[in-house]
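**Q** Protein sequences appear in the order of chains A and B.
Going by my numbering, the letters in the first sequence line up with residues 32 to 141, in that order.
Going by my numbering, the letters in the second sequence line up with residues 8 to 126, in that order.
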Amino acid sequence: SQKIEQNSEALNIQEGKTATLTCNYTNYSPAYLQWYRQDPGRGPVFLLLIRENEKEKRKERLKVTFDTTLKQSLFHITASQPADSATYLCALRGGFKTIFGAGTRLFVKA
Amino acid sequence: GAGVSQSPSNKVTEKGKDVELRCDPISGHTALYWYRQSLGQGLEFLIYFQGNSAPDKSGLPSDRFSAERTGGSVSTLTIQRTQQEDSAVYLCASSSLGGGLAGVTETQYFGPGTRLLVL
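(1) What residue range is occupied by the uninterrupted beta strand (DSSP E) comprising Glu36/A?
(2) Can you grab the Cα-Cα spacing for the pair Thr135/A / Gln44/B, in whole Å?
(3) Within 9 Å of any Cβ in chain B, is that where the Cβ of Tyr59/A sits?
(4) Ile54/B bridges to which residues according to DSSP?
(5) Straight-line CA distance for Leu50/B to Gly74/A?
(6) For Ser102/B, write down the residues that DSSP places opposite it in a beta bridge.
(7) In this structure, how does DSSP classify Asp98/A when only helix, strand and coil are distinguished?
(8) Could you please tell me which residues of the segment 29–56 of chain B, in chain order, have their CB closer than 8 Å to any CB of chain D?
(9) Cβ atoms of Ser104/A and Cys54/A: under 9 Å apart, would you say?
(10) Give the secondary structure of Ser113/B by DSSP, where H, G and I count as helix, E and B as strand, and everything else as coil.
(11) Are the C-beta of Gln103/A and some C-beta of chain B separated by less than 9 Å?
(12) For chain B, is any of its Cβ atoms less than 9 Å away from the one on Thr129/A?
(13) Assuming Glu83/A contacts Phe97/A (C-beta within less than 8 Å), just tell me the rounded distance between them.
(14) Measure the beta-carbon distance from Val125/B to Thr89/B and round it to whole angstroms, keeping in mind my assumption that it falls under 8 Å.
(15) Among the residues of its own chain, which have a CB less than 7 Å from the CB of Glu21/B, if the five just before and after it don't count?
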C-alpha cells in the first residue's frame with residue numbers, strides 16, 4: 032500500500048544546532064515533494080519544493096534533499112532557533128491529489 | 008489580497024445536529040481542497056474542487072458529509088447528523104493549479120481551520 036511516513040516522535044534540539052527531519056514514502060513515484068510548517072492552531076504553510084530530478088534545494092537556513100532511490104527526503108534547519116519550533120509536514124503528489132505525512136514536532140531549546 | 012479564510016473558527020455542537028463550515032479561498036484560485044486533521048494526526052484528504060465541480064470526492068468518510076462550491080469561489084462543507092468521531096480540525100486550502108497536470112507544481116495555501124467539537 033502507499034504510505035508516507037515521518038518520525039512521530041518529537042525532535043528536541045539545542046538552539047544553534049542543525050535539526051534533521053526525515054520523510055520516507057513507499058509505492059509512490061512523485062514528480063516533486065514539498066515541506067510545510069504548521070504552528071499550533073494554524074494551517075500548514077509552504078516552505079520548500081524539490082523536484083524528482085533535483086538532489087538538493089536550499090532556502091536561507093533550510094535545506095531539503097530528495098533521494099528517489101531510497102524514497103526519502105531529508106529536511107534540515109541549520110543554526111536552529113526557538114522560533115523554528117513547530118510541526119513540519121512533508122507532502123507529495125500522489126495521482127491527482129497531494130498526500131501529507133503526519134508531521135514531526137520540533138522543539139528548539141534556548 | 009487576503010489569504011484563505013474559514014468560518015467559524017470554532018464550533019461546538021451536539022451529537023445528531025447538522026453543521027456547515029465555510030471556506031473563502033484566495034481570489035482567483037481555481038482549486039480548493041478540504042482536509043480533516045485529528046489531534047496528532049496528519050491531514051486526511053476529504054474532497055477536491057476544480058472550479059465548481061468536484062472531480063475527487065474519494066476522501067469523504069460517509070454520506071453524512073457533503074460539500075459544494077459556488078461561483079468558483081466560496082465552498083461549504085456540510086456534516087449531517089454529527090457524531091463524536093467527527094470532532095477534528097477541518098482545513099481548507101486553495102491553489103491556482105490542480106489536477107495533476109504533468110510537469111506543473113502546485114502549492115496549496117491553507118486557511119486557519121475550523122475546530123469542530125461534537126458533544
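Here a beta-carbon is modelled for each residue, glycine too, at the ideal position from N, C-alpha and C.
Predicted model only: the values in this text are computed from it and were never measured.
**A** This is what the structure gives:
(1) Lys34 to Gln37
(2) 14 Å
(3) no
(4) Trp41/B
(5) 10 Å
(6) Ala38/B
(7) strand
(8) No chain D appears in the structure shown, which is made up of the protein chains A and B.
(9) yes
(10) According to the sequence shown, residue 113/B is Glu rather than Ser. DSSP places Glu113/B in coil when its eight states are reduced to three.
(11) no
(12) yes
(13) 7 Å
(14) 5 Å
(15) Leu126
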